[in-house]
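Enquirer: Per this note's numbering, the very first residue in the sequence shown carries number 262; after that it's consecutive.
The beta-carbon is built from N, C-alpha and C at its ideal position, and this holds for glycine as well.
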Amino acid sequence: MKKIDSFTIDHIKLLPGVYVSRKDNVGKEVITTFDIRMTAPNREPVMNTAEVHTIEHLAATFLRNHNVYGDKTIYFGPMGCRTGFYLVLAGDYKSQDIVPLLKEMFAFIRDWKEDVPGASAKDCGNYLDMNLNMANYLAKRYLENVLTDISEKNLIYPE
Numbered sequence: 262m263k264k265i266d267s268f269t270i271d272h273i274k275l276l277p278g279v280y281v282s283r284k285d286n287v288g289k290e291v292i293t294t295f296d297i298r299m300t301a302p303n304r305e306p307v308m309n310t311a312e313v314h315t316i317e318h319l320a321a322t323f324l325r326n327h328n329v330y331g332d333k334t335i336y337f338g339p340m341g342c343r344t345g346f347y348l349v350l351a352g353d354y355k356s357q358d359i360v361p362l363l364k365e366m367f368a369f370i371r372d373w374k375e376d377v378p379g380a381s382a383k384d385c386g387n388y389l390d391m392n393l394n395m396a397n398y399l400a401k402r403y404l405e406n407v408l409t410d411i412s413e414k415n416l417i418y419p420e
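1. Here's a check: name, in chain order, each residue in its chain whose Cβ is nearer than 7 Å to the Cβ of residue 360, leaving out the five neighbours to either side.
2. Take residue 334 as the anchor and find which of 343, 362, 266, 309 has the nearest alpha-carbon.
3. Please determine, among 287, 343, 369, the residue with the shortest C-alpha to C-alpha distance to residue 393.
4. How is residue 290 classed by DSSP in three states: helix, strand or coil?
5. Can you find the residues in the same chain that come closer than 6 Å, C-beta to C-beta, to residue 380, ignoring five residues on each side of it along the sequence?
6. Once the 5 residues before and after residue 312 are set aside, which same chain residues still bring their CB inside 7 Å of it?
7. CA-CA distance, residue 296 and residue 383?
Next comes the structure, spelled out in structure tokens:
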């Protein structure tokens with residue numbers, strides 16, 4: 262079988278950043294999938310499921326309520342390897358196009374102190390697996406260490 266595109270990225274060289282993972286055409290619309298890489302694969306500890314789950318709830322809530330990107334948000338969810346997330350948007354974008362959105366989103370997550378949206382037995386299949394304090398910390402870390410002064414090496418996949 263042919264290797265899928267995401268398995269052809271050199272994860273040994275991959276840095277935390279914002280990458281265009283793929284672009285697909287659905288009818289006349291371009292769909293852009295972003296790799297929101299929060300940790301250096303195979304070199305840093307992965308995120309635990311509780312904070313990944315919390316970030317997922319907060320980010321999805323933020324994105325779907327965003328005044329510009331709300332209607333363009335198709336999906337936000339974790340990578341199985343727990344080193345980041347995928348964001349799927351309707352539209353033809355470059356990585357740098359969404360850096361302002363991600364700065365806003367990760368500041369939102371960093372600053373969230375209330376109950377996590379959707380963290381109830383009625384709303385979520387695993388509502389007890391949440392860690393808001395670690396989600397706040399990881400959002401702050403990603404915002405400060407990656408997004409604030411992001412460079413090209415964190416926007417384009419390594420060769």
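Expert: Based on what the coordinates show:
1. 279, 408, 411
2. 362
3. 369
4. strand
5. 388, 391
6. 392, 395, 396, 399
7. 30 Å
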